[in-house]
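Trainee: In numbering that gives the first Met the number 0, the protein residues as written are 0 to 272.
Heads up, the beta-carbon is just placed ideally off N, CA and C, and yes, glycines get one too.
Treat the numbers as computed from the prediction; the structure is a model and nothing was measured.
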Amino acid sequence: MEIENTDKLRSELRYDSINKSSALPYYVQLKELIRDKIEHGDWKPGDQLPSEPDLCEMFDISRTVIRQALKELTYEGLIYREKGKGTFIAEPKIVERLVSDLTGFFQDMTDRGYKPHSRVLKQELTTANQKIAKLLDLPQGSEVVELTRLRFVDDEPITLVTTYLPYKLCPKVIDADFSYQSLYSFLEKEGGLIIARGRRIIEAVPANSYEAELLNVITGAPLILLDSVSYLENGTPVEYYHALHRGDRARFSVELMRYQPPMGTGIELVKEQ
Numbered sequence: 000m001e002i003e004n005t006d007k008l009r010s011e012l013r014y015d016s017i018n019k020s021s022a023l024p025y026y027v028q029l030k031e032l033i034r035d036k037i038e039h040g041d042w043k044p045g046d047q048l049p050s051e052p053d054l055c056e057m058f059d060i061s062r063t064v065i066r067q068a069l070k071e072l073t074y075e076g077l078i079y080r081e082k083g084k085g086t087f088i089a090e091p092k093i094v095e096r097l098v099s100d101l102t103g104f105f106q107d108m109t110d111r112g113y114k115p116h117s118r119v120l121k122q123e124l125t126t127a128n129q130k131i132a133k134l135l136d137l138p139q140g141s142e143v144v145e146l147t148r149l150r151f152v153d154d155e156p157i158t159l160v161t162t163y164l165p166y167k168l169c170p171k172v173i174d175a176d177f178s179y180q181s182l183y184s185f186l187e188k189e190g191g192l193i194i195a196r197g198r199r200i201i202e203a204v205p206a207n208s209y210e211a212e213l214l215n216v217i218t219g220a221p222l223i224l225l226d227s228v229s230y231l232e233n234g235t236p237v238e239y240y241h242a243l244h245r246g247d248r249a250r251f252s253v254e255l256m257r258y259q260p261p262m263g264t265g266i267e268l269v270k271e272q
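(1) Could you work out which residue in Asn207, Gly191 and Glu38 is closest to Glu232 when comparing CA atoms only?
(2) Pull up the distance between the alpha-carbon of Ser16 and that of Ile173, whole angstroms please.
(3) Since Pro165 and Val143 are thought to touch, with beta carbons under 8 Å apart, how far apart are those beta carbons, to the nearest angstrom?
(4) Beta-carbon separation of Glu145 and Thr125 under 8 Å?
(5) I need the DSSP call for Gln180, collapsed to helix, strand or coil.
(6) Do three or more CB pairs link the segment 232-241 to the segment 149-163 at distances below 8 Å?
(7) Within 10 angstroms of its Cβ, does Tyr26 collect 16 or more other Cβ (buried), or is it exposed?
(8) Check this for me: beta carbons of Leu222 and Glu212, under 8 Å apart or not?
(9) Determine contact between the segment 40-51 and the segment 79-88, defined as no fewer than three beta-carbon pairs at a distance below 8 Å.
(10) With a cut-off of 8 Å on the beta carbons, I'd call Leu72 and Arg34 a contact; round off their distance for me.
(11) Who are the near neighbours of Gly140 in its chain, counting only those whose CB is closer than 7 Å to its CB and skipping five residues on each side?
(12) I'd like the list of long-range same chain contacts for Asp136, defined as Cβ closer than 6 Å, with 5 residues on each side in sequence excluded.
(13) Please name the residue in Arg66, Glu75, Arg62 and Ser50 whose C-alpha comes closest to that of Gly83.
(14) How far does the beta strand (DSSP E) with Ser252 in it reach, from first residue to last?
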């Protein structure tokens with residue numbers, strides 16, 4: 000089957016070509032040709048790409064160019080390599096809703112047909128340092144629960160997240176098993192705590208050796224860092240978390256709406272000319 004898939008990909012690529020008179024570098028052109036096939040569904044997850052020598056022959060370009068294109072596609076999570084076997088089309092990235100939904104990771108993944116679970120790495124009572132105390136609006140030294148989980152989707156490590164919660168709001172958190180349980184659902188059922196809104200900051204960071212080992216990526220691989228504080232309806236901070244998502248397996252969607260001022264506020268929108 001792999002040979003048939005490789006032959007199929009090879010034949011499809013032959014209909015495309017590298018424009019050698021273009022100012023666009025060859026590796027960028029090749030990368031976009033492959034990306035287009037993947038994103039339009041012509042090539043499926045698990046399909047094997049032609050070998051580097053075959054690609055060199057097909058496009059009459061150097062192996063250095065081929066390797067640069069494949070390297071960037073690998074970092075972007077579109078393909079992956081297996082030593083001694085070849086290069087294959089990767090599974091689509093897992094899309095998480097960044098702003099519009101506060102159901103939590105576990106519920107979000109379950110609702111969309113994935114099978115999430117967590118490996119709890121740390122679950123203990125500690126005291127809030129200056130940063131945590133400020134984020135959770137607590138006196139420094141207050142008791143907080145520190146919960147660190149390695150989160151999996153369909154048995155693949157996707158996210159490393161450390162969560163801090165005020166102990167007094169829901170003491171039962173310290174003894175709960177979060178391997179197959181949503182933290183948000185637990186807070187609602189056991190503590191009567193309904194998260195109403197959140198504030199999130201997102202940035203790109205490289206994986207250190209510890210993070211890389213847990214997330215099954217190379218040291219220095221791109222990660223998506225998400226810092227978040229969640230609040231109850233009355234404005235009380237109930238959770239701060241620091242989450243590292245694999246850049247090759249995660250993407251975030253954001254839904255935006257144009258601001259419409261309430262009636263009677265006296266605020267008018269300036270119409271575009």
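Mentor: The structure says:
(1) Gly191
(2) 59 Å
(3) 6 Å
(4) yes
(5) In this structure, Gln180 counts as coil in the three-state DSSP scheme.
(6) yes
(7) buried
(8) no
(9) yes
(10) 7 Å
(11) Excluding the 5 residues flanking it on each side, Gly140 has same chain C-beta neighbours closer than 7 Å at Thr126 and Ala127, in chain order.
(12) Pro236
(13) Ser50
(14) Ala249 to Ser252 is the extent of the beta strand (DSSP E) around Ser252.
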